[in-house]
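See structure below.
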Amino acid sequence: MNTQFALLARFESPTIPLKHVCVEFFGIQHKTAEAQAKSGEFPIPTFKMRNSERSPTLVHIEDLAKHIDAQLTKAREEWASVNNTDA
């Protein structure tokens, strides 16, 4: 199954509030994720629909899916290297 389609089916929107993905996918609390997003340190791009502190910070499903797929590829390559097999 395509990661992007799976995320779209789960979240039912092409954009997801950062607070809905930070713990599950990145293992950090919402406050930490917001600070990282503001400083540009969060692993994927984040954005707001308007320039307001009250506007929720969002991530796009395409960016989250690409990050998941890249991490999976990296893990498979490392596993194959350690186990002397092809990924």
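Residue numbers (the working numbering): 86 to 172.
Beta carbons are placed, not taken as given, at the ideal position from N, Cα and C, and that holds for glycine.
Determine the DSSP secondary structure at residue i, reduced to helix, strand or coil.
i	result
Phe132	strand
Ile101	strand
Val167	helix
Glu144	As written in the sequence, residue 144 is Val, which differs from the Glu given in the question. Three-state DSSP puts Val144 in a strand.
Phe111	helix
Gln161	It is worth fixing the name first, because residue 161 is Arg in this sequence and not Gln. Here Arg161 sits in helix by DSSP.
Glu119	helix
Buried or exposed, going by whether 16 or more other CB atoms sit within 10 Å of the CB of residue i?
i	result
Phe127	buried
Thr158	exposed
Ala160	exposed
Ala120	exposed
Thr131	buried
Val106	buried
Ala155	exposed
Ala165	exposed
Looking only at its chain, what residues have a beta carbon closer than 7 Å to the beta carbon of residue i, apart from the 5 residues adjacent to it on each side?
i	result
Phe111	Ala118, Pro128
Leu92	Ile146, Leu149, Ala150
His152	Pro128, Ile129
Q: Determine, using beta-carbon pairs with one atom in the segment 96-106 and one in the segment 128-148, whether at least three such pairs fall under 8 Å.
A: Yes: the two stretches touch, three or more of their Cβ pairs being nearer than 8 Å.
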